[in-house]
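For reference, the structure is listed below as C-alpha cells.
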Amino acid sequence: MSLSLEWQMETGARIRAPPTVDRGMVFVAGDDHHIYALDTDTGSVEWEFETNDVVRHSPTVSVDTVYVGSDDETVYALARSDGSVRWTFVADRRITCSPVVDDGTVFFGSTDGHMYALDASDGSEEWVFETKGRVRSAPTVAGNTVYVSSGDHRVYAVHRPTGTPATQGSSTATRVFSPGKDYCPMCGQELQQMASPDFCPGCGYQLG
189 MSLSLEWQME
199 TGARIRAPPT
209 VDRGMVFVAG
219 DDHHIYALDT
229 DTGSVEWEFE
239 TNDVVRHSPT
249 VSVDTVYVGS
259 DDETVYALAR
269 SDGSVRWTFV
279 ADRRITCSPV
289 VDDGTVFFGS
299 TDGHMYALDA
309 SDGSEEWVFE
319 TKGRVRSAPT
329 VAGNTVYVSS
339 GDHRVYAVHR
349 PTGTPATQGS
359 STATRVFSPG
369 KDYCPMCGQE
379 LQQMASPDFC
389 PGCGYQLG
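Take our numbering: the final residue in the sequence shown is number 396, and no numbers are missing along the way.
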C-alpha cells in the first residue's frame, strides 16, 4: 500500500506537541503563540487565536470548548466553533502542560508550583493546591483523586472535591502518573509509552 500526503499546513514557528483531533477538526498550537483550528479533510484554517507567548502542549477539547495554557501564564477557554474567548484565568507563572477537563472541572499545573481546579463553564477558581516545586506535567484524574507530580520530587494525591491532600509519596523523578503514557498511578509500573491501554498489566488498575 502506498502512502500519499493529503495536505500540510505551515505555522510561524516550531510545534512542540501533538495536534488534537476532534469531530472533523484538528487543533494545534506552537511557538508562534497561536492556536489553529484546521479542517481534517483539507487542512484549511477554520480559525486561529493568538496568545501572548509560546504554547508548549496540545490543546484540550471538551464538548464545545477548547482549553489551552500558554507561557503568558494564562489558560484560555475558546469556543470550538470560532475561537472566540469564553473566559481566561491568569496563574502566577507559565503553564507548560495541557489542561485536563473532567466532569465540569478544569485541572492544570503551573511552574508557580500550584495545581488549579477551575469551573469549566466560567473559569472561576474552585481550589488551588500548592506543591514545593514547579508543576510541568498534566494532572491525572481517577475517581475522587487528582494525581500530580512536581519538581519537588513528589507525587501528590489530592482530594478532588476539596483540593486537600489525600496521600503523598517521594519520587526519584518528576514524572506525572499519566494513564497510557508513563506510569500506573496505583502500582507505579512503567507503561513503556503504550498507546492508551485500558488497564495496567501489572496490577489490573483501570486506566483512563
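Glycine included, each C-beta is placed from N, C-alpha and C at the ideal position.
Residue 252 and residue 288 have their C-alpha atoms some 15 angstroms from each other.
With a beta-carbon spacing of about 7 angstroms, residue 296 and residue 285 fall inside the 8 angstroms limit used to define contacts.
Between residue 293 and the set 274, 250, 301, the nearest pair of CA atoms involves 250. Per DSSP, the beta-bridge partners of residue 293 are 290, 307. Between residue 234 and residue 270, the alpha-carbon positions lie close to 7 angstroms from each other. Contact between residue 280 and residue 300 holds: their C-beta atoms lie close to 4 angstroms from each other, under 8 angstroms. Boundaries of the beta strand (DSSP E) around residue 274: 273 to 278. The DSSP-derived three-state label of residue 326 is coil. DSSP places residue 212 in no beta strand (DSSP E); its state is neither H nor E. Your pair residue 304 and residue 313 checks out as a contact, with CB atoms roughly 7 angstroms apart and the cut at 8 angstroms. The three-state reading of DSSP puts residue 227 in strand, counting E and B together. Rounded to whole angstroms, residue 240 and residue 246 show a C-alpha spacing of 17 angstroms. Among the bridge pairs identified by DSSP, residue 266 is matched with 254, 273.
Excluding its 5 nearest sequence neighbours in each direction, residue 311 has C-beta neighbours in its own chain below 7 angstroms: 265, 275, 276, 277, listed in chain order. Of the residues 230, 231, 298, the one whose Cα lies closest to the Cα of residue 256 is 298. Following the DSSP letters along the chain, one finds residue 313 inside the beta strand (DSSP E) bounded by residues 313 to 318.
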